[in-house]
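Visitor: Supplied in C-alpha cells, the structure appears directly below.
Residue numbers (my numbering), protein chains in the order written: chain W, 738 to 901; chain C, 68 to 634.
Right under this line is the structure:
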C-alpha cells in the first residue's frame, strides 16, 4: 500500500556552504533508503549559503521523516517542501546531434518548432540547448531521437515558489 | 595573544570546564600531548581507544557534563567508532578529538591516515575537519555547543598535525559561534489539549525514556506523578528517571519488561510518553502497541515524533520545560483527580503484579544470576551507580536492581555495545571518585574491554565488577534455546580465562563464588574495599531472562518461563 502512495516530492534546502554538506544530505537520504532522483546545487546570493534542490519519491509520512532528518543536520539552515506550494520547475538539457544531410531540414524544423537554442553548429555536429519542465524536456528528446542524438547532458530540476 | 593550535585546544577545554580527558597518544597528537604535559587537566590513559570513548560517555551520563576523548589518527581514530556510535544511539554529549596527518598529506594514503570524518558522518551528531588554524577556536567551541544542546550527541573534531603546530592570534572575546539549537517550545494550546486528554482518561500510563534524564527533568516528573498518581513505566534508557521503589513504579516495559508494565500499556486509554522514541524492543508488534490508548508524545527532537508510532498529540519541547508547563496548568486549572477511578486502575495493576510478579527461583546449589543482582541491590541499598554490559546481565540489572536516584543506571541501550560497561564505569568513577560504581557484566562482554583493568589500577579507581559467569553468550544462547531448538551455534565459551587470576595479574582483587551461600558474604567483602575488585559468580548456565516477548510479537503476549503463555 505504501508503495502505491508514493509520489515525487521536490525539496529546496538552504545549507551552509561548507565542505561535506552534500555528502551529509546524500548520506541522510541514502541511509534511510531514499533515492535522490534529481539534484541541483549552487551558491545563493549570500556566498556563505548554498541552495540544494532535490527530488525524491516518497509517501506523505515518509517525506515528513526525510524533512525532519534533514532539519537535524547542523549545516542545513532551512528545508522547504516545494510540493506544498505552487512552484515553477525547470530543467535544462544540452543535446549534441549527429548531423546528416538528409535529416537536416527536419532537424531545423523541430529546433524552430520546439524553441531549442543552437549553441554550436558545424558540418558534423551541433549542440542544442533546451529549458523547460520535465515533460517538455522529454518531449524534445523524443522528437530529436530519430534524427541522431550523439550525447546529452541533463541538469536536475531547479524550482522556485511562484508567489502571488 | 599569539598561541599555538595545541595551546588553543587546551585553553578552550579549560574554558569549557573540562577537568578530565580520556585518551591514548600517537604520532599525530604528540604535540597535543606535549602541551598536556604542562597542563593541569587530568588525563586518563586508557588501554584501547574504544575504552576512551566509552569512559568519556560514562562520565557524561553520570555527571551531565560533556565527556571528552583524545586519540591519534588512523587506527586510533577508527578504534573510536563503536564508542561514538554507542553515544549517538543514546544521545550522549561527548566530543572526540582525533589527530590527523598534516593537511598537505590528506588524501595521499599517508601513514596512519584515515578519513575519520567520512567514516563517522552517519554516527555523529556532527563532525569537523579543521583545515586552518583560524578556524580552530570557533570549531572547538561549536563542537561543545552542538554536543550539549537540543537532543545531545557525539561530535568529532579532526585535528591535522600541522594545523595544531601553527600559531594564530587567540582572543576568546572575538570568537563568534553559531548559537546551538533553539529551545523548542510548544504552544499553550497543545498543553491545554493535553490537559483535556488527561481529564478524559480513566487508565493513564506514563512512559519515560532517556530524554527525561538527558533533559534533567526527574524532579518535575516526580511532581507531576505525585499530583496525578499515574503509574510510570520506562524504557531501558529511562531507568533511574523515576524512583524504582516508588509505589507507582511499574518497572521496565517491552521485550524483557515486567508483565504488569506491558499489561498496563496494552490496557491503558492514555499513554503519555516523554523522551522516548518507541524502539522496536519497547513496542513489539507495532499494530498492537497501546492500541486502546490515545498517545501524547513529548520529545525534544521533532524527528522522533511519528517515526515509529503515530501519535495523537505531539509536543515538541524540552522535557523539563514541558513538565513545568503541565505542572503549572495542573495547579492553575485546579486539576481534580477522580480518586475512585484512579484507585480502580491502580488496583487492576496491583492484581497484575500479584498475578505475575518479577521473580525467579533460587534453589539448589547453583547461584542464580538474578539472586546476585538482588543481593547487590540490598547490600548497596540502591545507592550504587550501576553500569552494565549487554545481554542477559544487562536485563537482570534492569529488572532486579531498583534505581532510586537519577543517572545511576548506565547502559548501552540503543546500540547494545558489549564491552561498554566496564570502561563506562571507569568514566563514572572519574566523575564521582567517592561513589560506589559497579559494572554488572557477563563473561562474554567483560572480555571485550578487559584490558581497561590496567587503567583502573593505574589511577586507583575503585570500580567493582560483578561478573555473572555462565560460560555462554547467554542472550544469544537463550534465543537459540527458544527459537532455534537449542542449536547452540558458537555461543558456548569453551575457554574462558581464570578471571580471578586475570584480575590479580592486573592488580585487581579477584574473588569467586560458586555456591549461593557464598554470594552475600563475598559481595559484602568485595563491594566496600577501597580498591578495584572483580567478583566472579559462577551462575546457572542456562538461566533465561523472563518475561520475554518474542521478537515482533505483541507485548501483551509474554513467555513467562515456567508458567504458560499468557494472552
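Idealized CB from N, CA, C, for every residue including glycine.
1. In chain C, what lies closer than 8 angstroms to residue 760 of chain W by C-beta?
2. From residue 288 of chain C to residue 309 of chain C, what distance separates their C-alpha atoms?
3. What are the start and end residues of each continuous alpha helix (DSSP H) run of 4 or more residues lying completely inside the stretch 225-284 of chain C, in chain order?
4. To the nearest angstrom, report how far apart residue 478 of chain C and residue 174 of chain C are at their CA atoms.
5. Less than 8 angstroms between CB atoms is the rule here; does residue 808 of chain W satisfy it with respect to chain C?
6. What is the DSSP secondary structure of residue 90 of chain C, reduced to helix, strand or coil?
7. Who are the Cβ neighbours of residue 502 of chain C in its own chain at under 6 angstroms, not counting the five residues just before and after it?
8. Within this structure, are the beta carbons of residue 508 of chain C and residue 441 of chain C separated by less than 8 angstroms?
9. Can you find at least 3 beta carbon pairs, one from the stretch 431-448 of chain C and one from the stretch 581-590 of chain C, that sit closer than 8 angstroms?
10. Secondary structure at residue 188 of chain C, three-state DSSP: helix, strand or coil?
11. Closest Cβ-Cβ distance between residue 785 of chain W and chain C: below 8 angstroms?
12. Report the residues of the stretch 767-795 of chain W with a CB closer than 8 angstroms to any CB of chain C, ordered along the chain.
13. Which runs of the beta strand (DSSP E) spanning at least 3 residues fall entirely within the stretch 559-594 of chain C, listed in chain order?
14. By a C-beta neighbour count over all protein chains shown, 10 Å radius and 16 as the cutoff for buried, is residue 485 of chain C buried or exposed?
15. May I have the straight-line CA-CA distance separating residue 417 of chain C from residue 613 of chain C, to the nearest angstrom?
16. Should residue 539 of chain C and residue 522 of chain C be called a contact, given that it needs their Cβ atoms to be closer than 8 angstroms?
17. Going straight from the alpha carbon of residue 266 of chain C to that of residue 514 of chain C, what length do you get?
18. In the structure shown, what three-state DSSP assignment does residue 862 of chain W receive?
19. Which residues of the stretch 355-372 of chain C have a Cβ closer than 9 angstroms to any Cβ of chain W? Give them in chain order.
20. Output the distance between the C-alpha atoms of residue 862 of chain W and residue 154 of chain C, rounded to the nearest integer angstrom.
21. Quick one: is residue 866 of chain W buried, meaning 16 or more other Cβ sit within 10 Å of its Cβ, or exposed?
22. Taking Cβ-Cβ distances shorter than 9 angstroms, what residues in chain A pair up with residue 387 of chain C?
23. With a threshold of 8 angstroms between beta carbons, is residue 193 of chain C in contact with chain W?
24. Who are the neighbours of residue 213 of chain C on chain W, taking C-beta pairs under 7 angstroms?
25. Does residue 68 of chain C come out as helix, strand or coil in the three-state DSSP assignment?
26. Can you grab the Cα-Cα spacing for the pair residue 399 of chain C / residue 253 of chain C, in whole Å?
27. Spatial neighbours of residue 51 of chain C within its chain, please: CB distance less than 8 angstroms, with the 5 preceding and 5 following residues excluded, ordered by chain position.
28. Say whether chain W places a C-beta atom closer than 8 angstroms to the C-beta of residue 592 of chain C.
29. Indicate the three-state DSSP secondary structure (helix, strand or coil) for residue 493 of chain C in the structure shown.
30. In terms of residue numbering, what span does the beta strand (DSSP E) encompassing residue 318 of chain C cover?
31. Can you tell me where the alpha helix (DSSP H) with residue 806 of chain W in it begins and where it stops?
32. Here's the rule: buried if 16 or more other CB atoms are within 10 angstroms of the residue's CB, otherwise exposed. What is residue 395 of chain C?
33. Under 8 angstroms, Cβ to Cβ, is there at least one residue of chain C near residue 746 of chain W?
34. Quick test of your reading: residue 362 of chain C and residue 261 of chain C, contact by CB under 8 angstroms. State the CB separation rounded to the nearest angstrom.
35. My understanding is that residue 125 of chain C touches residue 491 of chain C, with C-beta atoms under 8 angstroms, so please give their C-beta distance in whole angstroms.
36. How about residue 754 of chain W: is its C-beta nearer than 8 angstroms to some C-beta of chain C?
Guide: Inspection of the coordinates gives the following:
1. Looking up residue 760 of chain W in the first chain gives position 23. Around residue 760 of chain W, the beta-carbon contacts reaching into chain C at under 8 angstroms are 185, 188.
2. Stepping through the second chain from its first residue, residue 288 of chain C is reached at position 221. Stepping through the second chain from its first residue, residue 309 of chain C is reached at position 242. So the alpha carbons of these two residues sit roughly 8 angstroms apart.
3. Within the stretch 225-284 of chain C, the complete alpha helix (DSSP H) runs of at least 4 residues fall at 228-232, 255-267, 277-281.
4. As a working mapping, residue 478 of chain C is identified with position 411 in the second chain. As a working mapping, residue 174 of chain C is identified with position 107 in the second chain. When rounded, the distance between both Cα atoms is 37 angstroms.
5. Position 71 of the first chain, counted from the first residue, corresponds to residue 808 of chain W. Put simply, the CB of residue 808 of chain W is near chain C, with a gap under 8 angstroms to one of its CB atoms.
6. In the second chain, residue 90 of chain C corresponds to position 23, counting from 1. Reduced to three states, the DSSP call for residue 90 of chain C is strand.
7. The residue labelled residue 502 of chain C in the question sits at position 435 within the second chain. Answer for residue 502 of chain C: 452, listed in chain order.
8. As a working note, residue 508 of chain C is residue 441 in the second chain. As a working note, residue 441 of chain C is residue 374 in the second chain. Between residue 508 of chain C and residue 441 of chain C, the gap from beta carbon to beta carbon reaches 8 angstroms or more.
9. Yes, they touch.
10. Counting from one through the second chain, the residue named residue 188 of chain C turns up at place 121. It is helical.
11. The residue labelled residue 785 of chain W in the question sits at position 48 within the first chain. It does not; no Cβ of chain C falls within 8 angstroms.
12. Here the close residues are 768.
13. Fully contained in the stretch 559-594 of chain C are the following beta strand (DSSP E) runs of length 3 or more, in chain order: 576-580.
14. Walking along the second chain from the start, residue 485 of chain C turns up at place 418. The residue in question, residue 485 of chain C, is buried, as its Cβ has 16 or more Cβ neighbours within 10 Å.
15. In the second chain, counting from the first residue as 1, residue 417 of chain C sits at position 350. In the second chain, counting from the first residue as 1, residue 613 of chain C sits at position 546. Going from the Cα of residue 417 of chain C to the Cα of residue 613 of chain C covers about 19 angstroms.
16. Taking the first residue of the second chain as 1, we reach residue 539 of chain C at position 472. Taking the first residue of the second chain as 1, we reach residue 522 of chain C at position 455. For residue 539 of chain C and residue 522 of chain C, no; Cβs fall outside 8 angstroms.
17. Your numbering for residue 266 of chain C matches position 199 in the second chain. Your numbering for residue 514 of chain C matches position 447 in the second chain. Cα to Cα, the separation comes out at about 52 angstroms.
18. Reading the first chain from its first residue, position 125 is the one you call residue 862 of chain W. Correct three-state label for residue 862 of chain W: strand.
19. Of all residues in the stretch 355-372 of chain C, those with a C-beta nearer than 9 angstroms to a C-beta of chain W are 368, 369, 370, 371, 372, reading in chain order.
20. Here residue 862 of chain W refers to the residue found at position 125 when the first chain is read from its first residue. Here residue 154 of chain C refers to the residue found at position 87 when the second chain is read from its first residue. Between residue 862 of chain W and residue 154 of chain C, the C-alpha separation is close to 58 angstroms.
21. Taking the first residue of the first chain as 1, we reach residue 866 of chain W at position 129. Burial call: exposed.
22. Protein chains in the displayed structure are W and C, and chain A is not among them.
23. Within the second chain, the letter at position 126 stands for residue 193 of chain C. For residue 193 of chain C, the nearest CB of chain W lies under 8 angstroms from its own CB, placing it at the interface with that chain.
24. In the second chain, the residue the question calls residue 213 of chain C occupies position 146. For residue 213 of chain C, the C-beta contacts it makes with chain W under 7 angstroms involve 811, in order along the chain.
25. Taking the second chain and counting its residues from 1, the one referred to as residue 68 of chain C is at position 1. Residue 68 of chain C: coil per DSSP, three-state reduction.
26. Mapped onto the second chain, residue 399 of chain C falls at position 332. Mapped onto the second chain, residue 253 of chain C falls at position 186. So the alpha carbons of these two residues sit roughly 18 angstroms apart.
27. Absent from the model: residue 51 of chain C. The displayed extent of chain C is 68 to 634, so no value can be given.
28. For this step, residue 592 of chain C is matched to residue 525 along the second chain. False, the Cβ-Cβ gap to chain W never drops below 8 angstroms.
29. The residue you call residue 493 of chain C lines up with position 426 of the second chain. In the structure shown, residue 493 of chain C sits in a helix (DSSP, three-state: H, G or I).
30. The residue given as residue 318 of chain C occupies position 251 in the second chain. Its beta strand (DSSP E) spans residues 316-319.
31. Walking along the first chain from the start, residue 806 of chain W turns up at place 69. For residue 806 of chain W, the uninterrupted alpha helix (DSSP H) segment begins and ends at 797-809.
32. Locating residue 395 of chain C in the second chain gives position 328, counting from the first residue. It counts as exposed.
33. Translated into the one-based positions of the first chain, residue 746 of chain W becomes position 9. With its beta carbon at least 8 angstroms from every one in chain C, residue 746 of chain W lies outside the interface.
34. Translated into the one-based positions of the second chain, residue 362 of chain C becomes position 295. Translated into the one-based positions of the second chain, residue 261 of chain C becomes position 194. At roughly 11 angstroms, the Cβ-Cβ gap does not stay under 8 angstroms, so residue 362 of chain C and residue 261 of chain C are not in contact.
35. Locating residue 125 of chain C in the second chain gives position 58, where the first residue counts as 1. Locating residue 491 of chain C in the second chain gives position 424, where the first residue counts as 1. Indeed, because the Cβ distance is near 3 angstroms, the residues count as touching under 8 angstroms.
36. Residue numbering aside, residue 754 of chain W sits at position 17 when the first chain is read from its first letter. Taking CB atoms only, residue 754 of chain W has no neighbour in chain C less than 8 angstroms away.
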